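Asks: Take a look at the following structure, please.
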Amino acid sequence: MKRVVPIVVVLAVWALVSGALESPLLPGPTRVAAALGASLRDGSLFWALVTTLLRLVVSYVIAIALGVIAGVATARVEWVRASLGRTLTGLSGVPSVCWLPLAILWFGLSETAIASVVVLGALVPVAIATEAAVRQVPREIEQAARTMGARGLVLLATVTIPAASMGIVAGAKLGFGFAVRALLAAELVFVSGGLGQLLETGRDMGDTALVIGVVVVLLVIGRAVESLFFSRIERALSRRFGATA
Amino acid sequence: MAAALTLDLPLLRVNHVSLAHGDAMAVSDVSFDIGRAEIVAIVGPSGVGKSTLLGALAGLVTPSAGSIVTRHGALVGPTPHHAIVFQDGALFPWLTLEQNVVYALVRRRVPRAKRKDIARDLIRRVRLTGHEAKYPHELSGGMKKRAAFARALASDPELLLLDEPFSALDDATRAELHAELISLFRDRGIAVVIVTHDLAEAAALADRVLVLEGPPGTIAREIVVEAPRS
């Protein structure tokens with residue numbers, strides 16, 4: 000009930016305002032739902048959704064893997080910290096869409112160009128959070144594991160990364176937001192299917208209902224990922240570590 | 000000839016060891032032996048290098064001078080023969096008590112089929128049966144210490160290194176743990192080095208007390224405890 004009430008309130012206010020304004024620039028919820036229904040029936044929304052989600056999943060998984068590796072290396076290898084540490088902090092201030100022209104020059108108008116922009120966008124927050132989390136792992140925990148015979152990658156995989164997991168997940172959550180923003184920006188600029196292109200189509204056709212509908216779809220995706228994925232992981236980790244969820 | 004030499008060696012020999020802590024010397028020219036199943040306490044004020052010395056015995060700190068020799072050869076890094084229990088237990092917070100103990104068994108390459116039984120037996124010996132599925136944050140201070148001992152014993156060590164293991168415990172829990180653990184180590188024939196700043200505790204637990212003074216830490220006195228231990 001606590002979750003439903005705010006949604007109902009927003010929908011009611013939205014319906015009231017759009018009804019009062021009667022402007023094509025602010026269609027009400029029913030018109031937006033109708034636009035979404037129409038794009039579902041003609042398949043454009045479905046394929047746009049599939050395209051965006053596929054790009055998102057592939058790029059995000061790569062970003063997590065590279066971000067964790069970069070974060071661990073920055074935390075644990077002196078020369079990497081000296082060279083990459085400050086660069087990562089600097090990169091965190093660069094909007095990911097800035098990489099798009101470079102990606103197109105490198106990879107042409109291709110899926111690789113879009114993926115590289117998303118990976119670069121999401122990788123930086125993951126790497127920064129991983130570095131901080133790994134540096135905070137109590138030294139004694141790793142030392143205890145070393146006296147039990149854990150070394151190198153085994154120590155990293157069985158002790159360091161699990162010990163830093165709460166921080167890494169926080170970075171991954173932040174990185175997901177960056178990934179979605181980077182992907183939509185890339186899809187808007189580099190028209191190649193996906194929800195970004197559907198947004199652009201709505202703008203070209205002056206179809207405000209479709210544009211708002213796609214935004215609502217993005218909101219739903221973000222909420223679904225939060226409750227089906229991140230919330231569950233965070234709850235499981237909180238239960239183990241005894242932290243407040 | 001070499002075999003005879005090995006048999007004659009104590010469990011561990013510390014030869015003129017010095018330990019640096021950053022630019023400063025933490026321990027200077029320390030020598031002593033640890034015999035099999037012997038309990039040795041290292042006492043001294045804070046900052047005298049007790050924990051650094053214990054780290055060196057665990058193979059976690061490399062001597063800047065001198066050497067540490069075990070029955071298996073020169074100590075050049077951490078070894079499962081030397082288990083360490085830190086002040087806060089250093090249990091893995093993402094694993095349950097049983098999983099913490101099993102972790103040490105996995106590293107020891109104990110066959111999967113035997114791990115659970117061995118872990119449960121060790122947990123029973125430290126009187127934590129019924130708490131196997133609890134995470135470290137769900138255990139009290141005394142229970143965490145017991146859990147850390149169970150995990151250390153899972154490595155089947157020859158030498159157990161305890162860094163202020165009984166600090167931050169109330170007197171009753173401390174006395175209870177003293178009696179239980181000494182009996183447990185004796186039964187298993189494990190040598191123990193305990194770092195403490197409490198001379199009374201050292202005398203109650205140890206066969207021999209090394210008194211460190213400094214810094215840098217040097218052995219000022221060696222006391223052989225004649226009275227029966229707790």
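Here the protein sequences come in this chain order: A and B.
The opening position of the first sequence corresponds to residue 0 in numbering that gives the first Met the number 0, with each subsequent residue numbered one higher.
The opening position of the second sequence corresponds to residue 0 in numbering that gives the first Met the number 0, with each subsequent residue numbered one higher.
Don't be surprised by glycine CBs; every beta carbon is placed ideally from N, CA and C.
Computed from a predicted structure; not experimentally measured.
1. Against chain B, with Cβ distances strictly below 9 Å, would residue 129 (chain A) count as a contact?
2. Out of curiosity, what's the CA-to-CA distance linking residue 43 (chain A) and residue 197 (chain A)?
3. Counting only the same chain and skipping the five closest in sequence on each side, list residues whose C-beta sits under 7 Å from that of residue 212 (chain B).
4. Give every residue of the same chain whose Cβ lies closer than 8 Å to the Cβ of residue 91 (chain B), excluding the five residues on either side of it in the sequence, and list them in chain order.
5. Which residues, in chain order, does the stretch 56 to 67 of chain B contribute to contact with chain A at a C-beta distance below 9 Å?
6. Just curious, the alpha helix (DSSP H) that residue 38 (chain A) is in, first and last residue?
7. Listed from N- to C-terminal order along the chain, which residues in the stretch 146 to 158 of chain A have their beta-carbon within a distance smaller than 9 Å of any beta-carbon of chain B?
8. Give the range of the alpha helix (DSSP H) segment to which residue 170 (chain B) is assigned.
9. Secondary structure at residue 212 (chain B), three-state DSSP: helix, strand or coil?
10. Would you say residue 229 (chain A) faces chain B, with C-beta separation under 9 Å as the test?
11. Check the Cβ-Cβ distances between residue 87 (chain B) and every residue of chain A, and say whether any is below 9 Å.
12. Residue 0 (chain B) by DSSP, collapsed to three states: which one?
13. If you run the structure through DSSP and keep just helix, strand and coil, what is residue 269 (chain A)?
14. Among residues of its own chain, excluding the 5 on either side of residue 3 (chain B), which ones have a beta-carbon nearer than 7 Å to its beta-carbon?
15. Within the 9 Å Cβ cut-off, does residue 211 (chain B) reach chain A?
16. Tell me the DSSP secondary structure of residue 160 (chain B) in three-state form.
17. I'd like to confirm the pairing. Which residues does DSSP put opposite residue 17 (chain A) in its beta bridges?
18. Say whether the stretch 190 to 203 of chain B touches the stretch 31 to 41 of chain B, bearing in mind that this needs 3 or more beta-carbon pairs closer than 8 Å, one atom from each stretch.
19. Would you say residue 162 (chain A) reaches chain B, if we count a Cβ-Cβ gap shorter than 9 Å as a contact?
20. Per DSSP, what kind of secondary structure is residue 28 (chain B) in: helix, strand or coil?
21. List, in order along the chain, the chain A residues whose C-beta lies closer than 9 Å to that of residue 82 (chain B)?
22. Taking 6 Å as the limit between beta carbons, can you name the residues of its chain near residue 83 (chain A), skipping five residues before and five after?
23. In the DSSP assignment, what residue or residues form a beta bridge with residue 136 (chain B)?
24. By the 7 Å beta-carbon criterion, what residues does the stretch 143 to 173 of chain B contribute toward chain A?
25. May I ask you to report which of helix, strand or coil DSSP gives residue 107 (chain A)?
26. Can you give the beta carbon distance from residue 13 (chain A) to residue 23 (chain A), rounded, assuming they're within the 8 Å contact cut?
27. Which class does residue 84 (chain B) belong to by DSSP, given the choice of helix, strand or coil?
28. Are the C-beta of residue 134 (chain A) and some C-beta of chain B separated by less than 9 Å?
29. Using a threshold of 9 Å, state whether the C-beta atoms of residue 84 (chain B) and residue 144 (chain B) are closer than that.
30. Using a Cβ cut-off of 7 Å, pull out every chain B residue sitting near residue 239 (chain A), in sequence order please.
31. In chain order, what residues of the same chain lie with their CB nearer than 6 Å to the CB of residue 115 (chain A), ignoring the 5 residues before and after it?
32. When you compare the CB of residue 110 (chain B) with every CB in chain A, is at least one pair closer than 9 Å?
33. Can you tell me whether residue 81 (chain B) is buried or exposed, with buried defined as 16 or more other CB within 10 angstroms of its CB?
34. Going by DSSP, what residue range makes up the beta strand (DSSP E) through residue 157 (chain A)?
35. Rounded to whole angstroms, what is the Cα-Cα separation between residue 129 (chain A) and residue 66 (chain A)?
36. DSSP state of residue 193 (chain A), grouped into three classes?
Replies: By the coordinates alone:
1. No, because no Cβ of chain B sits closer than 9 Å to the Cβ of residue 129 (chain A).
2. If you take the alpha carbons of residue 43 (chain A) and residue 197 (chain A), they lie about 8 Å apart.
3. The answer, listed in chain order, is 43, 47, 219.
4. Around residue 91 (chain B), the same chain offers 98, 99, 102, 135 as residues with beta carbons nearer than 8 Å, after the five sequence neighbours per side are excluded.
5. Near chain A, meaning a CB-to-CB distance below 9 Å, the residues of the stretch 56 to 67 of chain B are 57, 58, 59.
6. It spans 28 to 40 - the alpha helix (DSSP H) in which residue 38 (chain A) sits, taken as one unbroken run.
7. From the stretch 146 to 158 of chain A, only 146, 147, 148, 149, 150, 153, 157, 158 have a Cβ closer than 9 Å to chain B.
8. That run of the alpha helix (DSSP H) goes 170 to 187.
9. In the three-state reduction of the DSSP assignment, residue 212 (chain B) falls in the strand class.
10. Chain B contact via Cβ: absent.
11. Residue-level contact by beta carbon holds for residue 87 (chain B) and chain A, with a gap shorter than 9 Å.
12. Note that residue 0 (chain B) has pLDDT 38, beneath the 50 cutoff, so the model's placement of it is unreliable and no number is given.
13. Missing from the structure shown is residue 269 (chain A); chain A here goes from 0 to 244 and no further.
14. Here the model assigns residue 3 (chain B) a pLDDT of 40, short of 50, so the residue's position is not dependable, and the following value carries that caveat. Excluding positions up to five away in sequence, the list is empty.
15. Residue 211 (chain B) is outside the set of residues whose beta carbon lies under 9 Å from a beta carbon in chain A.
16. Reduced to three states, the DSSP call for residue 160 (chain B) is strand.
17. Beta bridge pairing from DSSP links residue 17 (chain A) with no other residue.
18. These segments touch.
19. Yes, contact with chain B.
20. Residue state, collapsed to three classes: strand.
21. Per Cβ cutoff of 9 Å: 143, 146, 147.
22. Answer for residue 83 (chain A): 73, listed in chain order.
23. DSSP lists no bridge partner for residue 136 (chain B).
24. Closer than 7 Å at the C-beta level to chain A, one finds these residues of the stretch 143 to 173 of chain B: 154.
25. If DSSP states are grouped into helix, strand and coil, residue 107 (chain A) belongs with coil.
26. 15 Å between Cβ atoms; not a contact.
27. If DSSP states are grouped into helix, strand and coil, residue 84 (chain B) belongs with the strands.
28. Chain B contact via Cβ: absent.
29. For residue 84 (chain B) and residue 144 (chain B), yes; Cβs fall inside 9 Å.
30. Those within 7 Å of residue 239 (chain A) in chain B are 92, 93, 134.
31. Closer than 6 Å at Cβ, skipping near neighbours: 102.
32. No, its Cβ sits nowhere closer than 9 Å to a Cβ of chain A.
33. Answer is buried; the Cβ neighbour count reaches 16.
34. Annotation for residue 157 (chain A): no beta strand (DSSP E) segment contains it, and DSSP assigns it neither H nor E.
35. The alpha-carbon atoms of residue 129 (chain A) and residue 66 (chain A) are separated by roughly 7 Å.
36. For residue 193 (chain A), the secondary structure class from DSSP, reduced to helix, strand or coil, is coil.
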